[in-house]
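Engineer:
In my numbering, the protein residues as written are -2 to 132.
Right under this line is the structure:
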């Protein structure tokens, strides 16, 4: 399956990602092209990062490559006012971005605003994370 459906709760939109080409097609509503949503994504003007389920657990799609998410990775998240930096050091992935205007509230976090990259950094070692992103 080279085409997969992803959702973005912050922007209330869906994406059809072609993993073979890296092409992304965005829809405000779940369209007929997006039958099975198996993950979520982050995007800004520069970056696209998808997180989705596979039989072997969670995978990140970034710059047309797939990266398995495993517990021993070195993943960091830093905030400085409205600037944020997400890194997966083992894969040489770094995303610098501004605080999202689409703020989500996480009842289980002391943070007021929580985005996908923050959630990955804070939960990627938890069993619940792997259960959620394993087919």
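Built from N, CA and C at the ideal position, the CB exists for glycine as well.
By Cβ distance below 6 angstroms, which residues in the same chain neighbour residue 35 in space, the five residues on each side in sequence not counted?
Structural biologist: Shown here for residue 35: same chain residues with a beta carbon closer than 6 angstroms to its own, the five before and five after excluded, namely 1, 49 and 50 in chain order.
Engineer: Round the Cβ separation of residue 14 and residue 54 to the nearest angstrom and send it over; I've been treating them as touching at under 8 angstroms.
Structural biologist: Wrong, their Cβ atoms sit about 18 angstroms apart, outside the cutoff.
Engineer: Which same chain residues end up closer than 8 angstroms to residue 63 when comparing Cβ atoms and leaving out the 5 residues on each side of it in sequence?
Structural biologist: So the qualifying residues of the chain are 16, 56 and 57.
Engineer: Could you check whether the region 111 to 123 touches the region 67 to 76, counting it as contact only if at least three pairs of C-beta atoms, one from each stretch, sit closer than 8 angstroms?
Structural biologist: The region 111 to 123 vs the region 67 to 76: in contact.
Engineer: According to DSSP, which residues form a beta bridge with residue 76?
Structural biologist: 81
Engineer: Mind checking which residues open and close the alpha helix (DSSP H) that includes residue 146?
Structural biologist: Nothing about residue 146 can be read from this structure; the chain reaches only from -2 to 132.
Engineer: By the 10 Å Cβ neighbour count, where 16 or more other Cβ atoms means buried, how is residue 6 classified, buried or exposed?
Structural biologist: exposed
Engineer: Would the beta-carbon of residue 114 fall within 9 angstroms of that of residue 68?
Structural biologist: no
Engineer: Quick check on this structure: which residue in -1, 9 and 33 has the alpha carbon closest to the alpha carbon of residue 19?
Structural biologist: -1
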